[in-house]
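My numbering numbers the first residue of the sequence shown as 156 and each following residue consecutively.
Heads up, the beta-carbon is just placed ideally off N, CA and C, and yes, glycines get one too.
Computed from a prediction, not measured in an experiment: that's the story for all the values here.
Down below is the structure, laid out as structure tokens.
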Amino acid sequence: MAKKAAKIKIKKKKWFEIALPKILKGEVFAEALAETPEKLIGRNINASLGDILSASKKHMNIALKINEVKTNTAHTRIKSISVNEHYLSRKTKKNSKISGRKITKTKDGVKVDLRLCAICTSHCLTTTKKEIRKKLEEFINNVVTKTKEEGLIMDLISNNIQLNAKKELHKIYPIRNVELEKLVIE
């Protein structure tokens, strides 16, 4: 006689709304499918800032991580903000890009890895590049240690930090632009 096959129990999945962090208005911008709210925690979501803010920031990408779920809404926090590599390569000439990176803590104790790049108007000497890189890293350290996490993110999105860095570096060598390469929040 044939044995009875065990029935497979399938749990039904539900749709959960995903909300932006409070820094970026806190509005619902997407939906995710999951069996339970606990399975949503830890998921990563990637989107462009142009889609989220309805602004001309299509070249900037943001990575969000779900950290809590309340009722049917999953709340996120910012994991990283980065700029599209093709955008940077279109703006730079050969040997005119100088990158500066610094890992420091913000005023409220959040560990941040910030990378900015200075784009020179033309090719410059190696000694000048070293001086610009040193000044850029000092600038990053000063800005990050004096601001809180939310203020740092908003200043980077609105280009305030980049404009101030350009003013500082322009004293050493003519700088065309200063761009955000990547911001990682740990």
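- In the DSSP assignment, Gly255 forms a beta bridge with Leu271.
- Here Ile316 is near Val298, since their CB atoms are less than 7 Å apart.
- A distance below 6 Å between beta-carbons, with the five flanking residues on each side excluded, links Val224 to the following residues of its chain, in chain order: Pro192, Leu195.
- When rounded, the separation of the alpha-carbon atoms in Lys260 and Lys164 is 48 Å.
- Judged by DSSP secondary structure, Arg288 falls within the alpha helix (DSSP H) whose first and last residues are 281-301.
- By the neighbour-count criterion, in which 16 or more other beta carbons inside 10 Å mark a residue as buried, Lys290 falls on the buried side.
- Of His241, Leu204, Glu190, the smallest CA-CA separation from Lys166 is found for Glu190.
- Spanning the alpha carbons of His230 and Met309 requires a straight line of approximately 19 Å.
- Between the stretch 321-339 and the stretch 271-288 there are three or more inter-stretch CB-CB distances shorter than 8 Å, so the stretches are counted as touching.
- Rounded to whole angstroms, the gap between the alpha carbons of Glu240 and Ser254 is 13 Å.
- For the alpha helix (DSSP H) assignment, the uninterrupted runs of no fewer than 4 residues enclosed by the stretch 168-245 are, from N- to C-terminal side, 204-208.
- DSSP, reduced to helix, strand and coil, places Glu336 within a strand of the structure shown.
- Here the C-alpha atom of Asn314 lies approximately 36 Å from the C-alpha atom of Trp170.
- Listed as beta-bridge partners of Ile330 by DSSP are Cys275.
- Within its own chain, the residues whose Cβ lies closer than 7 Å to the Cβ of Lys168, once the five positions on either side in sequence are excluded, are Leu188, Ala189, Glu190, listed in chain order.
- Its chain contains Asn199, Ile200, Asn201, Ile233, Lys234, Ser235, Ile236, Ser237 as the residues whose beta carbon lies nearer than 8 Å to that of Ala218, once the 5 sequence neighbours on both sides are disregarded; these appear in chain order.
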